[in-house]
Amino acid sequence: MIFKPVITAALLLSLCFVSGTLQPAQAAAAGFEGPAEAAYQTTDAEHSAREASPYEIRAYRLRPGETFVLDGIPDEEFWSRAEPATHFTMQEPEEGAVPSHRTEVFVAYDDDYLYIAAMLYDDKPEGILAFQKRRNAALGTDDRFMFILDTFNSQRTAYFFETNPNGLMGDGLLTVGQGVSLNKSWNGIWEVRTHTGEQGWSLEIRIPFRSLDFDRDSDSWGINFQRTVRRSNEEILWAGWQRNQGIFRPAAAGKLTGLTNLSQGLGLEVKPYVTGSGTRLSPQGMAPERSGSTDAGFDLSYSITPGIRASLTVNTDFAETEVDQRRINLTRFPLFFPEQRDFFLEGAGIFSFASASGVTPFFSRRIGLAEGRPVPVNAGLRVLGRTENYTLGLYQIRTGETSAVPTEDFTAARYIQNFGSRSSIGLIYTRRNAHDDQNSGFHTLGADLGLNTSRFLTDKNLEFESFFLWHNDPREASESSDTDRMAYGFRINFPNFPFYGHLSYRQLGEAYNPALGFTSRNGFRRINPNIGYTRIFENSALVRSANVALSYTYLSNLQGRTEQSNIWFQFLNLRLESGEQFWGNVVHEYEYLPFSFDLLRDGRFIIEEGAYTKNRFFLGLSTASFRKIVVYSGFAREDFWNGTRNQYEASVTLRPYTGINVSGSWNRDDISLKAGSFHTDLFRFTGNFDFSPFLAVTSIVQYDNMSSMLGLFNRLRWTIRPGSDLFLVYTRNWIQLDDRFTPTETQGAVKLNYTYRI
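Counting with the working numbering, you get residues 20 to 777 for the letters of the sequence shown.
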């Protein structure tokens with residue numbers, strides 16, 4: 020019963036903001052911009068303030084006869100007439116300090132392309148670090164240059180781009196709501212070249228306006244730049260250099276002006292593909308079975324408006340998708356595996372629902388996969404759109420029939436209406452319908468609200484999020500009520516420096532389980548406060564930062580019985596100036612198990628119903644990510660049901676040459692219970708061999724002793740030109756029998772796609 024006042028207060032606060040019943044002074048006291056009407060009235064003032072900002076750069080428009088050569092050296096004559104962005108400020112290690120190296124960025128354009136050039140001066144060019152070449156590889160190892168384009172001046176979404184001295188291409192879609200979400204599965208069509216010389220390194224970037232959605236009626240965009248000098252872990256920004264800001268918060272960005280007469284062409288894009296595959300199955304004690312196939316399909320995209328794009332996919336194929344990372348489940352709940360397919364990942368940011376609250380009403384892996392096996396996607400329609408005022412998304416997909424599942428239709432729709440400078444309210448709807456199921460027609464409906472400000476206590480971030488979900492159950496045997504199939508909650512977040520924290524509450528009904536979503540458990544109420552503090556040692560030659568945090572979780576069933584109580588204390592999170600890191604935390608937990616469960620699903624280790632108290636201790640360390648040899652290790656000791664568990668983690672990454680990243684990891688659990696003892700081992704080897712930003716080979720080997728399965732995945736990707744790729748994929752699986760590995764399945768596939776724009 021203690022939760023009712025909390026829920027009531029949160030819902031009343033949400034309703035007040037939506038309906039506008041709070042007066043501006045009351046809203047300011049609550050820490051937000053004000054009701055919807057007042058927020059709309061202040062938007063123009065905010066834009067006026069932004070126009071007066073010193074962080075403004077005017078794009079140079081190429082004159083007739085002026086040409087651009089993409090070679091990484093900004094020596095074209097017109098660059099000398101372009102206005103540079105030069106006023107960069109250090110964010111790390113010393114906030115507000117003058118950077119140790121000078122940086123200049125220029126922006127130009129013509130009818131069809133946006134051009135960006137940068138001079139990243141360095142008096143010790145031999146110290147420039149660049150290991151990575153693969154598209155979207157993590158650049159925690161390298162010197163880098165990043166920038167964002169807020170093409171609608173929404174201060175909520177932006178395009179993200181990054182590169183390094185090797186000319187790596189990294190990009191994504193940035194969304195800011197309850198926290199920051201960067202969807203790096205968006206692979207835009209653009210180009211970059213770099214050059215390293217005696218003065219440092221330089222770059223040139225060419226982005227077709229056809230790759231971007233933007234407001235044609237506006238001649239200005241939000242823009243920001245960030246540079247990393249990796250050997251000193253120095254972060255340098257043009258605008259938004261305070262630690263409470265940063266490049267991932269478009270509200271803190273500068274302004275790009277002078278953009279006129281931009282062309283997106285007809286907005287039509289055709290992407291055909293052809294594929295061929297072969298499979299060999301080797302059932303134990305039986306003759307091998309061979310099969311093969313060839314296929315073709317296409318994606319057809321059209322820009323309905325400058326911000327809304329519709330895509331039709333026919334006979335979609337995911338042959339190039341990387342294999343899932345293997346895990347061992349020692350819990351009584353299902354594991355969540357992230358989406359790997361680009362077709363669904365591109366819209367992941369739009370369909371994210373109450374992202375910080377841990378609910379997933381739309382889980383795209385429910386489409387085209389059954390028990391990990393692919394189901395043919397016959398056809399689908401996808402509509403994705405972003406404007407200054409709203410965001411929308413739609414999937415309408417039909418899958419084919421297999422021996423495991425019938426033909427099904429899937430619908431997912433999402434709409435988010437922006438108001439104020441950073442607040443929004445959204446709706447989501449999903450439907451799953453099987454053609455041969457009389458009880459088909461599973462529907463889910465939900466709403467979420469986000470109220471966000473960067474002016475709480477003058478210059479602090481404050482975020483509020485609430486959500487509500489309901490789904491039906493058309494099965495004839497269903498006895499659940501509407502209340503049983505509901506979920507709702509809220510979260511208040513204070514993501515700032517040096518103090519941060521949040522308070523969240525959620526409740527899921529006894530029968531909550533959306534047919535097109537994911538939930539690991541239901542029938543509970545959960546409250547979770549969290550606080551933390553980060554200290555930066557600006558004058559230390561040894562320590563860069565230290566962090567401590569405390570979190571409490573209380574979870575009960577819907578009848579009020581405590582099922583879990585958890586206190587987590589992070590007493591150590593230390594980062595040295597050299598880049599090495601150390602972690603340590605302790606956990607005290609009470610858990611009531613309402614029913615017995617089979618730990619290994621084989622009848623050997625049954626955990627009985629009852630109350631359990633657990634204590635856990637963890638220590639971990641990692642060497643600096645930019646070194647040629649990176650080592651991570653961790654150890655945890657904990658009470659585990661009626662026994663104990665020791666957990667060991669270890670990984671090593673080797674970078675002997677630029678473009679070669681080889682890593683191996685090992686996870687082991689040593690478990691001792693009343694019924695006996697056992698251990699689990701999980702090994703993973705990953706080799707990334709990147710010959711250039713356009714030619715890459717991936718090799719993954721995985722083994723675990725619980726399934727006794729050894730798996731091999733190899734993929735070659737050749738980017739013939741941006742948007743057009745050739746994939747060669749080879750996989751093989753073995754099972755361990757009598758200390759020998761016997762092959763069970765071998766597959767090979769080739770896929771070629773090509774993008775043509777009009």
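Note that beta-carbon positions come from the ideal geometry of N, C-alpha and C, so glycine has one too.
Nothing here was measured: the structure is a model prediction, and the numbers come from that model.
Query: Looking only at its own chain, which residues have a Cβ that is under 8 Å from the Cβ of residue 560, when we skip the five neighbours before and after it?; Result: 596
Query: Count the C-beta pairs between the segment 517-537 and the segment 75-87 that are closer than 8 Å, then say yes if the count reaches three, no if not.; Result: no
Query: So, are the CB atoms of residue 255 and residue 372 less than 8 Å apart?; Result: no
Query: With distances taken Cα to Cα, identify the nearest neighbour of residue 491 among 476, 461, 481.; Result: 461
Query: Can you tell me which of the three DSSP states residue 42 falls into?; Result: Legend: pLDDT at residue 42 = 33, less than 50; position of this residue unreliable, value from coordinates given subsequently. Coil.
Query: Using the Cα positions of residue 766 and residue 298, report the straight-line distance between them to the nearest angstrom.; Result: 4 Å
Query: How many Å lie between residue 580 and residue 608 at the Cα?; Result: 15 Å
Query: Mark residue 676 as exposed unless 16 or more other C-beta atoms lie within 10 angstroms of its C-beta, in which case mark it buried.; Result: exposed
Query: Could you say if the segment 312-330 and the segment 341-350 meet the contact criterion of at least three C-beta pairs nearer than 8 Å?; Result: no
Query: Could you spell out where the alpha helix (DSSP H) holding residue 362 opens and where it closes?; Result: 361-364
Query: Please report the residue range of the alpha helix (DSSP H) in which residue 369 lies.; Result: 367-370
Query: Provide the residue span of the beta strand (DSSP E) that contains residue 777, from first to last.; Result: That residue, residue 777, is in no beta strand (DSSP E); it is neither H nor E in DSSP.
Query: Mark residue 83 as exposed unless 16 or more other C-beta atoms lie within 10 angstroms of its C-beta, in which case mark it buried.; Result: exposed
Query: Residue 330 by DSSP, collapsed to three states: which one?; Result: strand
Query: Distance, Cα to Cα, residue 642 vs residue 649?; Result: 6 Å
Query: In three-state terms, what does DSSP make of residue 271?; Result: helix
Query: Report the rounded CA-to-CA distance for residue 523 versus residue 87, giving the unit in angstroms.; Result: 52 Å
Query: Since residue 172 and residue 240 are thought to touch, with beta carbons under 8 Å apart, how far apart are those beta carbons, to the nearest angstrom?; Result: 7 Å
Query: Would you call residue 152 buried or exposed, if buried means 16 or more other Cβ atoms sit within 10 Å of its Cβ?; Result: buried
Query: For residue 498, count neighbouring Cβ atoms within 10 angstroms of its own Cβ and tell me buried if that reaches 16, exposed if not.; Result: exposed
Query: Distance, Cα to Cα, residue 421 vs residue 647?; Result: 48 Å
Query: Got a sec? Which residues, its chain only, sit under 6 Å from residue 244 by beta carbon, not counting five neighbours each side?; Result: 124, 166, 257
Query: To the nearest angstrom, how far is the alpha carbon of residue 407 from that of residue 283?; Result: 18 Å
Query: Sorted by chain position, which residues of the same chain lie with C-beta nearer than 6 Å to residue 5's C-beta, five sequence neighbours on each side aside?; Result: Past the edges of the chain, shown from 20 to 777, lies residue 5, and the structure says nothing about it.
Query: Alpha carbon to alpha carbon, how far is residue 706 from residue 673?; Result: 10 Å
Query: Sort out for me which residues DSSP pairs residue 322 with in a bridge.; Result: 328
Query: Tell me which residues share the same chain as residue 290 and place their Cβ nearer than 8 Å to its Cβ, disregarding the 5 neighbours each side in the sequence.; Result: 317, 318, 319, 320, 742, 772, 773, 774, 775
Query: Where does residue 316 sit, in a helix, a strand or coil, going by DSSP?; Result: strand
Query: When DSSP labels each residue in this structure, what does residue 737 get in the three-state scheme?; Result: strand
Query: Would you report the Cα separation of residue 665 and residue 357, rounded to the nearest angstrom?; Result: 27 Å
Query: Between the C-alpha atoms of residue 519 and residue 548, what's the straight-line distance to the nearest angstrom?; Result: 11 Å
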